[in-house]
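>
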Amino acid sequence: MLWELMQMNNLDFLPKKKILSLFMTCGFPNIIQSKKIFDEILSHRPDIIEFGLPFSDPMADGPIIQRANELALKSDITTKKSLELINKLSKNKQSTSFVIMCYLNTIRKFGLNKFIKNIKNIVDGLIIVDLPFEEETEIKNLLTENNIHLIKLISPMTDRKRAKKILKNSKGFIYYISSTGITGSNKLDHREINNNVKSLKKISSTPVLVGFGVKSKQDVVAISKQTNADGVIIGSALIQKYFDLKMDFNKYLKSLKKFIQEVKI
Amino acid sequence: MKTYKQPNKLGRFGEFGGMYVAETLMPILLELDESYKKIQKDKKFKRELNDLFKNYVGRPSPLYHAKNLTKYINGPKIYFKRDELNHTGAHKINNCLGQILLAKKMGKTRIIAETGAGQHGVAVSAVSAYFSMPCFIFMGSKDIERQKPNVFRMKLLGATIIPVESGSKSLKDAMNEALREWIKRCRDSAYVIGSTAGPHPYPKMVRDFQSVIGKEAREQILKVEKRLPDIVCACIGGGSNSMGLFYPFLNDKKVKLIGVEAAGEGANTKKTAATMTSANSSPGVLHGSYSYVLQNKDGQINEAHSISAGLDYPGVGPEHSYLKETKRVKYFSITDKEALNAFQLCSKLEGIIPALEPSHALAYLIKSFKNKDKNKILILNMCGRGDKDLFTAANALGVDANE
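From first to last, the protein sequence lines are chains H and D.
Each residue of the first sequence is one higher than the one before, starting from 623 at the first, in our numbering.
Each residue of the second sequence is one higher than the one before, starting from 1268 at the first, in our numbering.
Next up, the structure:
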């Protein structure tokens, strides 16, 4: 029977407050070390892990994630290998939600149906950065049939009317882009975030996570205390440390551990 | 006969095109689309633009009978549509005037653009100077190196050049960076794309502004020859000069349209920019639209290569993909070497130094029409002049141009 095949989706059971989502590029800095990084991240049991699929032209990401993508691609990561890595990690996923963040071309080229078949019952949500509401119908239907949530992005430029359209039947969480910037840029404006998050909360009951520009424990605490957001997404800041430490992998793993402990508030 | 009506409201040319961008850009693109729709009906806008075309650019550009080349090829009667005579030396300025005039009307105060060869960058810089708007040009560091004269021109015109060091350090990376900058500064900045690529409404808007080329050419040939041409031919990188020339001829079913891509070292080698005619190309999503792209099996975009920086782009405008699929336009490719030969030949025969971009279209004529189709009439888009390519050409020919 259908309900037996359908596993539950972890994103439907997110905690009420202080949700932590950690983003990391698959295959960064190379395939072997990437597994170690994800093992470390998973051992902290964040609510959500976002797996970035490397793309040669990540136009919505900043220079840090672009560099991570370049390194990963140099180590011959492919979509297939990324999915194998995610599959391996999922054996120990427990209540952590797995979300894939990618650009449309990678999964289109892989084959949409094949991709969904590969991630079914492993991945809970999908963020396709360059797939706006206007272009999503086909993919959204396919995902819904397979109990994978299509995560919606909302920017400060999205007006109320548009947000209503986008968030109709939204599931999982809402990815609120904190600045009109790219990942890892600009400073956070808590008042603007709070106003926008408040208005999103009136439209939808789906949890709102703030991403882009969340860099430190202070940012996480500030968003938790000064805004109505349900949690944060940290990405570039996790990767930045690798370059700060001059690509010394062992030092990086240690600093990653310390950083994640700090941001788990 | 069915009239050509592309794209649809969502920016689709058949299945190609669309708006594949992050949500941060969507509201701005929709705003741009709305403003563009409004301005199309605005007679004052049209008057202002036409006046600038006439007095600032020097339009209409002549339709010139290239007698010596015609004699040399011993084939069709060849006309050049001389957009290389435009102010700033190429067709690029047509589109820049349109987009920046629109930006001004939309209340934008700052201009962002990408450039490959520098022709678009120079045109954007000139028009920004004309409208007294600060202007920021993203350019791959590899292109900065090989297009020094244009870099200096842009600086003279008051533009700030931002070198792009990521990826292949050429046009596609400059476009990534420009898009990023636009996401950050969308409230006050207009992004002027130089080709018929990118998300909707750019492919349509750029085509419309460039179609002044084809409109003039069509009127001019009817006046001189009392009939339509048999063949219309242009080079293709992203595809703006060719779309501008082809568009007004699309409903003339008897006019054969030919697009010439840059094969680089060979269309099926790794060093190519032949987006639609290479074995390594297939439809994909790059820079916001669904179109043919040079990509590997895993959907990673390949670096393009061409001796001509203006054609060195791994994507192509979605309308070209549509015209390829519907077979309305036939596409071919020409290697660096063939283009370089045509570059020299045209200079000697006609006293016109063509840019390396239209040299590809010229090379195709020389290759394919020798002793053929003598009673036919052909228009070629001479879309840019070769001054900017002197160093590149000298280098490729083993000449020291600095002496």
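Don't be surprised by glycine CBs; every beta carbon is placed ideally from N, CA and C.
For clarity, every value in this text was computed on a predicted model and none was experimentally measured.
Asn632(H) and Thr718(H) look like a contact to me (Cβ under 8 Å); what is the Cβ gap, rounded to whole Å?
With a Cβ gap of about 7 Å, Asn632(H) and Thr718(H) count as contacting.
> Counting only runs of 3+ residues fully inside the segment 1355-1422 of chain D, write out the beta strand (DSSP E) ranges in chain order.
Qualifying beta strand (DSSP E) stretches, in chain order: 1377-1382, 1402-1407.
> Checking 8 Å against the spacing of the C-beta atoms, do Ser712(H) and Gly649(H) come in under that value?
No, these two residues do not count as a Cβ contact at 8 Å.
> Would you mind reading off the limits of the alpha helix (DSSP H) that contains Tyr1469(D)?
That run of the alpha helix (DSSP H) goes 1469-1477.
> Under 8 Å, Cβ to Cβ, is there at least one residue of chain D near Met869(H)?
False, the Cβ-Cβ gap to chain D never drops below 8 Å.
> For the segment 1553-1565 of chain D against the segment 1376-1396 of chain D, are there 3 or more C-beta pairs whose distance is under 8 Å?
Not touching, per the Cβ criterion.
> In angstroms with no decimal places, state the Cα-to-Cα distance between Asn743(H) and Leu705(H).
Straight-line Cα distance between these residues: approximately 13 Å.
> What separation, rounded to the nearest whole angstrom, lies between the Cα atoms of Ile1379(D) and Phe1516(D)?
When rounded, the distance between both Cα atoms is 32 Å.
> Name the chain H residues that come within less than 7 Å of Ile1295(D), Cβ to Cβ?
Going along chain H in sequence order, the residues near Ile1295(D) (Cβ under 7 Å) are Met779.
> If we cut at 8 Å on Cβ distances, does Lys739(H) have a partner in chain D?
Not one chain D Cβ lies under 8 Å of Lys739(H).
> With C-beta atoms as the reference, is Ser1488(D) less than 8 Å away from Pro1343(D)?
One detail in the question is off: residue 1488(D) reads as Ile in this sequence, not Ser. Result no, Cβ atoms of Ile1488(D) and Pro1343(D) do not sit closer than 8 Å.
> Would you please verify whether the beta carbon of Met623(H) is less than 8 Å from any beta carbon of chain D?
Confidence is the limiting factor: at Met623(H) the pLDDT is only 45, short of 50, which leaves the residue's position unreliable, though a coordinate-based value still follows. Chain D contact via Cβ: absent.
> Work out the CA separation of Ser1408(D) and Ser1548(D) for me, nearest whole Å.
Approximately 25 Å, taken between the alpha carbons.
> Does any residue of chain D bring its CB to less than 8 Å from the CB of Ser678(H)?
At least one chain D Cβ lies under 8 Å of Ser678(H).
> Please classify Arg1279(D): does DSSP put it in a helix, a strand, or coil?
It is a strand residue.
> If you measure from the beta carbon of Tyr1287(D) to each beta carbon in chain H, is any gap under 8 Å?
Interface residue, yes.
> In this structure, how does DSSP classify Cys1613(D) when only helix, strand and coil are distinguished?
The answer is helix: DSSP assigns Cys1613(D) an H, G or I state.
> Any C-beta of chain H sitting closer than 8 Å to the C-beta of Glu1290(D)?
Chain H, which has a Cβ nearer than 8 Å to the Cβ of Glu1290(D), makes this yes.
> Who are the Cβ neighbours of Gln848(H) in its own chain at under 6 Å, not counting the five residues just before and after it?
The residues are His812.
> Taking C-alpha atoms, which residue in Thr766(H), Glu757(H), Ile749(H), Lys786(H) lies nearest to Phe795(H)?
When only C-alpha atoms are compared, the closest one is Ile749(H).
> Counting only Cβ pairs nearer than 9 Å, list the residues of chain D close to Leu728(H).
Inspection of the sequence shows that residue 728(H) is occupied by Thr rather than by Leu. Residues of chain D passing the Cβ test: Asp1565, Gly1566, Gln1567.
> Met1442(D) and His1554(D) look like a contact to me (Cβ under 8 Å); what is the Cβ gap, rounded to whole Å?
6 Å between Cβ atoms; contact.
> Measuring alpha carbon to alpha carbon, tell me which of Ile1568(D), Lys1436(D), Phe1280(D), Tyr1331(D) ends up nearest Lys1490(D).
Nearest of Ile1568(D), Lys1436(D), Phe1280(D), Tyr1331(D) to Lys1490(D), Cα basis: Tyr1331(D).
> Quick one: residues in its chain with C-beta nearer than 8 Å to the C-beta of Ile1574(D), no 5 flanking neighbours on either side, listed in chain order?
If we look at Ile1574(D) and ignore the five residues flanking it on each side, its Cβ neighbours are Ala1529, Gly1531, Asp1603, Ala1606, Leu1607, Leu1623, Thr1659, Ala1663.
> Assign Leu789(H) to one of two classes, buried (16 or more other C-beta atoms within 10 Å of its C-beta) or exposed (fewer than that).
By the 10 Å Cβ count, Leu789(H) comes out buried.
> Can you name the start and end residues of the alpha helix (DSSP H) that Thr1544(D) belongs to?
Segment: none, Thr1544(D) is in no alpha helix (DSSP H) and carries neither H nor E.
> Are the C-beta atoms of Leu878(H) and some chain D residue less than 8 Å apart?
No, Leu878(H) lies away from the interface with chain D (no Cβ there is under 8 Å from its Cβ).
> Determine the contact status of Leu642(H) and Gly853(H), defining contact as a CB-CB distance below 8 Å.
Taking 8 Å as the Cβ cut-off, Leu642(H) and Gly853(H) qualify as a contacting pair.
> What does the alpha-carbon distance come out to for the pair Ser1545(D) and Pro1581(D)?
Their backbone Cα atoms lie some 11 Å apart in a straight line.
> Have a look at Phe1320(D) and Gly1511(D) and give me their C-alpha separation to the nearest angstrom.
Approximately 15 Å, taken between the alpha carbons.
> Which residue from Asn768(H), Phe677(H), Asn691(H) puts its Cα closest to that of Gln629(H)?
It is Asn768(H) whose Cα lies nearest to the Cα of Gln629(H).
> Please tell me whether Lys639(H) has its Cβ less than 8 Å away from any Cβ of chain D.
No - not a single Cβ of chain D is within 8 Å of the one on Lys639(H).
> Since Gln1366(D) and Gly1577(D) should fall inside the 8 Å C-beta cutoff, what is the C-beta to C-beta distance between them, to a whole number of angstroms?
That belief does not hold up - the Cβ atoms of Gln1366(D) and Gly1577(D) are roughly 18 Å apart, past 8 Å.
> Rounded to whole angstroms, how far is the Cβ of Leu1612(D) from the Cβ of Ile1633(D), which I believe are closer than 8 Å?
So it is a contact: roughly 7 Å between Cβ atoms.
> Rounding to the nearest angstrom, what Cα-Cα distance links Pro1585(D) and Lys1538(D) in this structure?
When rounded, the distance between both Cα atoms is 22 Å.
> For the alpha helix (DSSP H) containing Asn1648(D), list its first residue and its last residue.
Counting along the chain, Asn1648(D) falls outside any alpha helix (DSSP H), though it belongs to the beta strand (DSSP E) covering 1644-1648.
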